[in-house]
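Residue numbers (the working numbering): 10 to 628.
Positions of the beta carbon are idealized from the N, C-alpha and C atoms, including for glycine.
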């Protein structure tokens, strides 16, 4: 996530100038001009006495078009409405910024939709930062904020702040959040990452959580800057294990030593290239409320082969069975270093195969500034896609599996996402079905790092609009405009995290987007296309109770729709676990097949549309 460019690097509009370089360049230009004149005269003398050749007919060649772009389509109209204030959300993220330009201040925080009180509707957690201990400036609330969804059937959407007394009202410089019932007691627990290590909060019921970090053994070290996190069952034993990533080796002193300047004089947020990397943690669930750190033996601690220091600089992770062998793997999005793919070897160990799968680099073998990540089977034939939001002037990556499920190609351009996504700085990316037509669309929450970026890069803005790409099937993805999705979605913000949930029970998925140092945007989906839908909540028995890792296959007419249950999506965020599946106009679900973790299959028929259905795993 290279923020403000370093004047010692060759960045756009920031190349340093020096008298010796200018003198040398001038001499070289004169020599080159003389050489061109000599060559030009010689060519004229050589060619003037030649017999003119026959008239040449020039045929203009047109670049080939992908067959996927030859299908007619019409982007639907399904607007979003900003209901942040009227829904009762009064939150401003505290970044800690007070002039020192410390790197964590610009990273923002994640958000989670989850049903903490088990009443059937999604509640909301907004992760927050804090002021620095040495800062004289103390802004706003210094803890995460928990909002209970009090929306009544057919009533206006409303949330109530229930943070005080919840156990979550403690100051953390928070980053990410992952939701899961790690002890299978029927209540959703929280893991919040932060500067200073991770924090595990057990849901005791009654709207109260308590911090069990020390006794559970998942806190890491006080020097850690923990970021991306996900719950998954690495060994298929029925309880959820935990992967906690860290960003870079950081402290106030290290940041000051790096000493970046945006224009040679003004202090700026430094890119991560000159910060040392870190190791992630992998914790195996012992089934008794404690975890064992297996990071050193599990193969997830990758070192830089040239320096021997930790290589990872992680801001995103997706847990998904990418090779269809029945065991969950990890795809790790790293900032300015190669992405990792940890293939599950089924014995408690993982093998890093990023380069072999095609997910480590871009199409030219380069690393990118990777932020958020999501995985979904978005193609008509159910192939897996991995979307990664990258830095400004780098396209959003869309790696798509081929006939071999373990091999991916970045098809961002051919699917229609590449050129449109190049300019913004992308953070939160995730798939969701915006218009309930059964095809998964892609959202990107965007925003720059440096408030003064326009002074040195005129093409960049600090606040940036989100982007929505509509999945037009065989026509690929199509950028959606405000005429179709409403102007609220495209309000420029310093976008970071984002999540989706059906907060009002009307079947379509609503959104929340966070920004660093600012207020979130709660966006109600007001589509009125009349499309049919089903909504499924899976409850495991022999697998983990949340059914994380389960694959859903819906047979709807001639269509086969694929969805997966995962605990985290996008940038440092968690969306609700119940799955909404659009069926298009007059669609129905003839059958629903669930492939539970561990591989057991179960078929359900007679699923009613336009309502939530709870599916329980057979013992």
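Let me confirm a value: residue i is counted as buried when at least 16 other C-beta atoms fall within 10 Å, else exposed. Which label applies?
i	result
residue 94	exposed
residue 626	buried
residue 459	buried
residue 542	buried
residue 110	buried
residue 610	exposed
residue 157	buried
residue 232	exposed
residue 506	buried
residue 585	buried
residue 50	With a pLDDT of only 38 at residue 50, under the threshold of 50, the placement of this residue in the model should not be trusted; the figure read from the coordinates follows. By the 10 Å Cβ count, residue 50 comes out exposed.
residue 390	exposed
residue 628	exposed
residue 132	buried
residue 162	exposed
residue 516	buried
residue 620	exposed
residue 587	buried
residue 599	exposed
Just verifying my parser: in three-state terms, what is the DSSP assignment at residue i?
i	result
residue 497	helix
residue 594	strand
residue 618	coil
residue 255	strand
residue 396	strand
residue 427	helix
residue 207	coil
residue 135	strand
residue 187	strand
residue 379	coil
residue 178	coil
residue 267	helix
residue 492	helix
residue 282	helix
residue 43	Confidence is the limiting factor: at residue 43 the pLDDT is only 40, short of 50, which leaves the residue's position unreliable, though a coordinate-based value still follows. Correct three-state label for residue 43: helix.
residue 604	strand
residue 261	helix
residue 420	coil
residue 624	strand
residue 114	helix
residue 239	strand
residue 523	strand
residue 565	strand
residue 223	helix
residue 90	strand
residue 545	strand
residue 589	strand
residue 287	strand
When the Cα of residue i is compared with those of the options, which residue comes out closest?
i	options	result
residue 263	382, 216, 343, 280	280
residue 321	294, 309, 134, 328	309
residue 214	195, 450, 328	195
residue 615	553, 172, 624	624
residue 193	479, 242, 271	242
residue 601	569, 226, 607, 574	569
residue 307	323, 366, 289	289
residue 595	589, 394, 618	618
residue 312	198, 229, 347	347
residue 258	205, 392, 211	205
residue 203	119, 219, 172	119
residue 164	187, 96, 217	96
residue 414	587, 622, 184, 335	335
residue 150	138, 87, 143, 275	138
Output yes or no for whether 7 Å exceeds the beta carbon distance between residue i and residue j.
i	j	result
residue 235	residue 207	yes
residue 474	residue 501	yes
residue 286	residue 319	yes
residue 82	residue 494	no
residue 508	residue 89	no
residue 228	residue 222	yes
residue 435	residue 463	no
residue 426	residue 486	yes
residue 344	residue 379	yes
residue 440	residue 449	yes
residue 452	residue 85	no
residue 581	residue 185	yes
Within 7 Å of any Cβ in chain B, is that where the Cβ of residue i sits?
i	result
residue 246	Going by chain labels, chain B is absent from the structure shown, which holds only one protein chain.
Entirely enclosed alpha helix (DSSP H) segments - the segment 465 to 490, minimum 4 residues: none
Mind pulling the alpha helix (DSSP H) runs of 4 or more residues that sit fully within the segment 291 to 363? 304 to 307
What runs of the beta strand (DSSP E), each 3 residues or longer, lie entirely inside the segment 431 to 465? 435 to 441, 450 to 455
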